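Presented below is the structure to which this report refers.
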Amino acid sequence: MSIVVIGLSHHTSPVEMRERFAFAEATLPEALHKLRQSGAADEAVILSTCNRVEIYAATNLQAKDAFEALQKFLFDHHSFRGQINGEIYTYGEPQSLEHLFKVACGLDSMVLGETEILGQLKKAYDLALQHKHTGARLNKAFQRAFNVAKQIRTETNIQRGNISVASVAVDLAEKIFEKLADRQVMVIGAGDTSEKTARALLSRGAHSVIVSNRSHERAVALAKELEGRAVHFDEWAVEFPNIDIIISSTAAPHYILDRKKLEPLLGLRESRPLLLIDIAVPRDIDPEVNELENVYLFNVDHLQAAAESNLQQRKEEIARCEAIIRDKAQGLLTRPAGAPYPVGKPLAYGRDS
Amino acid sequence: MTDRDYFKLAVLIYGASMVYSVFLWRKGFREDNRVNYFVLLGAFLFHTVAMVKRGFSLDRCPVTNLYEATTFIGWTMVAAYLALGVWSRLRFLGAFLSPIIFSIGVFALMPALDKHHGPNPEFFIPGWQNSLHAALFALAYGAFGLSSGAGLMYLTQEHDLKLHKVRAIFSLMPPIQRLEVVTGRLLAVGFALLTAALGVSMLYLKRSAGVYLADDPKILWAFFVWFLYLGLLLMRWRFAQGGRRFAWGAVGGFAFVLLTFWGTNLLSPIHNP
């Protein structure tokens, strides 16, 4: 019995196509039951997320026959009568196992190395297991996939370093402040990125958020969402002595904070560091303030450069991850050690993330 | 092997640690620094053997000349680092300390420093007080040395943050606020030890020469160092002058101690009869 995979993902198909083949969670047990009844699979797990729809099957059929049967099931289940043009991919052993391991490790994800997919994969497997649609082959393969994901997380840098601007801002805060728990955050200008950054800081333990915006109503609304409080735009400087992190993203055409304004306020802070994150374009904060002692100013380019660098580091780790995955897949298959794999489709990693 | 041979071996390993530290620095301190920790631990063992052998041969605490005092200072710095290095985030301190320790070691090995002169009979009273005063000074300078290492770490990380270098985020170094706290605490410990050392020394001088203070360059220098560090601590506690200035103060203070320690010792009739 061999393991095969059929599916479509963000690599091969647009969202319009993926949503056409998506399985609602509530319908999965029935779909798995129908799949096994169809004879296309003896064991099966269906993974359906916003970025991929995949069927992992253990079958006694020849790979070619299995792919045809699985594709027929997929089309029939979704009443699809259209044409496909390379959107659906298929893998036989050992590529099927390598693909499963890649997915578990986040190597095939849109955001390279992300961990959310592992939880989704575990959930899909648990559901199939719970409804007795898996057996010895798939149980072993999925357990191994979870182990490989753990090994890759601990032994490589594929998940190290954040690759979003908001998370990089949090990393910076953690390089400056001993604890985020006592830190007061101020958001000036209620933009989307500043909201995300504030949320990221709160999720890592920041004490509270004060929001200030030209439209006070918008400030109040965002403050409510962030469980903080709002202050009027012309009063934000009053709060300054207690603030440790400022995230600024107003639409102002000029600097709202410059050296002349900041210097006298620093005297009220007793040498406490101040992190200024300026994500506005045009910039809100005069770069000259970075020359002041205990003031650390980062603009959107600095944060993006760090995120890019992290992504590059993750990409450089792919070869190491690939070696581990090939080794583990080989270990799972009952072929003599050192025997070459049959020629198959090449590995395809998260190139668009 | 003589005690000096063991010490030479230790200095050689400190040198290897220094070279390794350069690689860690160039790599941006991205990986856990256990290797350097264990290299320093190895050097520390040889260093300890050297001091124990010298101590047994003298039948007292081995701080009777400049060589011994210098090695003692280096030893206390490494011992304190090894204790602090249990916390992985402070292990990088070793990369900043090894060049200082290596320099101290090379300095200690200069032949003129290890003169086997006995204590100045005019001021010497046998007993534990003499060893205690020397040991307390060595411990104090060790704490100042370690504090300067933490200060260097602070300045490096602060420099990288100010210049928006990506390695500031990637490095496994502790946040600058913690480095500032560590620098301050080590400096305070050093200051307390130095105060105790000066107190013990004054009592000892009273017993041996009938005065609490003497017009001796090294005694005056020790009081100057005490005021220097008092000034630094007051700056921090009373006037909230932390951050970069404080870190430069810790580094500069210890640089001053290192550069003038030998000269004042040579000029001192009490300590260099």
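Going down the list, the protein sequences come from chains A and B.
Position 34 of the first sequence, counting from 1, maps to 34 under the numbering used here, and the rest follow consecutively.
Position 248 of the second sequence, counting from 1, maps to 1248 under the numbering used here, and the rest follow consecutively.
Heads up, the beta-carbon is just placed ideally off N, CA and C, and yes, glycines get one too.
All of these numbers come straight from a predicted model, not from anything done at the bench.
Work out the CA separation of N299 (chain A) and H1159 (chain B) for me, nearest whole Å. 17 Å
What's the C-alpha gap between I210 (chain A) and I318 (chain A)? 41 Å
Have a look at the DSSP bridge pairing and note the partners of G7 (chain A). A:E54, A:Y89
How is A44 (chain A) classed by DSSP in three states: helix, strand or coil? strand
Since A237 (chain A) meets chain B, which of its residues come closer than 7 Å, beta carbon to beta carbon? Under the 7 Å cutoff, chain B gives no residues; its nearest Cβ is about 21 Å from A237 (chain A).
Boundaries of the alpha helix (DSSP H) in which F1107 (chain B) is found, first to last residue: 1093–1108
So the candidates are B:G1249, B:L1220, B:W1221; which of them puts its Cα closest to the Cα of L1234 (chain B)? B:G1249
Would you list the one or two residues that DSSP bridges to I245 (chain A)? A:V185, A:L275
Within this structure, are the beta carbons of I3 (chain A) and A58 (chain A) separated by less than 8 Å? yes
So, Y255 (chain A) versus L138 (chain A), is the Cβ gap smaller than 8 Å? L138 (chain A) sits away from Y255 (chain A), with the two beta carbons spaced by 8 Å or more.
Residue-level contact to chain B via CB, P273 (chain A), 8 Å cutoff: yes
Give a yes or no on whether the minimum CB-CB distance between E174 (chain A) and chain B is below 8 Å. yes
Under 7 Å between beta-carbons, which chain A residues line up against V1297 (chain B)? List them in chain order, please. For chain B, the structure presents residues 1001 to 1273; residue 1297 (chain B) sits outside this window and is missing.
Sequence ranges, alpha helix (DSSP H) only - wholly within the stretch 138–201 of chain A, length at least 4: Listed in chain order, they are 165–176.
Indicate whether at least one CB of chain B lies closer than 8 Å to the CB of H302 (chain A). yes
Around the Cβ of C50 (chain A), are there at least 16 other Cβ atoms within 10 angstroms (buried) or fewer (exposed)? exposed
Interface positions of the stretch 1201–1225 of chain B facing chain A (Cβ-Cβ less than 9 Å), listed along the chain: Within the stretch 1201–1225 of chain B, no residue has its Cβ closer than 9 Å to any Cβ of chain A.
Please name the residue or residues paired with V231 (chain A) in a DSSP beta bridge. A:S212
May I ask you to report which of helix, strand or coil DSSP gives V295 (chain A)? Shown here, V295 (chain A) sits in a strand according to DSSP, grouped into three states.
Sorted by chain position, which residues of the same chain lie with C-beta nearer than 6 Å to L1132 (chain B)'s C-beta, five sequence neighbours on each side aside? V1200
Work out the CA separation of R1091 (chain B) and M17 (chain A) for me, nearest whole Å. 52 Å
With the cut-off set at 8 Å, would you say S1098 (chain B) and Y1014 (chain B) are in Cβ contact? yes
Candidates A:L32, A:H302, A:T27: which alpha carbon is nearest L172 (chain A)'s? When A:L32, A:H302, A:T27 are compared, the shortest CA-CA separation from L172 (chain A) is found for A:H302.
Give every residue of the same chain whose Cβ lies closer than 7 Å to the Cβ of P287 (chain A), excluding the five residues on either side of it in the sequence, and list them in chain order. L297
Take F1044 (chain B) and list the residues in its own chain whose beta-carbon comes closer than 8 Å to its own, dropping the five residues that flank it on each side. A1010, W1075, V1078, A1079, L1082
Hey, E54 (chain A) and G7 (chain A) are a contact pair by Cβ (cut 8 Å); roughly how many whole angstroms apart? 3 Å
Kindly list, in the order they appear in chain A, the residues whose Cβ is closer than 8 Å to that of F1243 (chain B). Looking at the sequence shown, residue 1243 (chain B) is not Phe but Gly. In chain order: S271, P273, E293, N294.
Any Cβ of chain B within less than 8 Å of the Cβ of E30 (chain A)? no
Between the alpha carbons of F142 (chain A) and L1012 (chain B), how many angstroms are there, rounded? 52 Å
Using 8 Å as the cut-off, can you tell me whether the stretch 1184–1200 of chain B makes contact with the stretch 1144–1156 of chain B, which would need three or more C-beta pairs spanning the two stretches below that distance? yes
Can you list, in chain order, the residues of its chain whose CB lies under 7 Å from that of C321 (chain A), leaving out five sequence neighbours each side? C105, L107, I152, T156, I158
When the cut-off is 8 Å and only beta carbons count, does N290 (chain A) lie next to chain B? Chain B, which has a Cβ nearer than 8 Å to the Cβ of N290 (chain A), makes this yes.
Using three-state DSSP, classify I256 (chain A) as helix, strand or coil. coil
Pick from A:L74, A:G92, A:R52 that is closest to L61 (chain A), judged by C-alpha positions: Nearest C-alpha to L61 (chain A): A:G92.
Residues of chain A with CB under 9 Å from V1181 (chain B), in chain order? E178
Distance, V187 (chain A) Cα to Y125 (chain A) Cα: 42 Å
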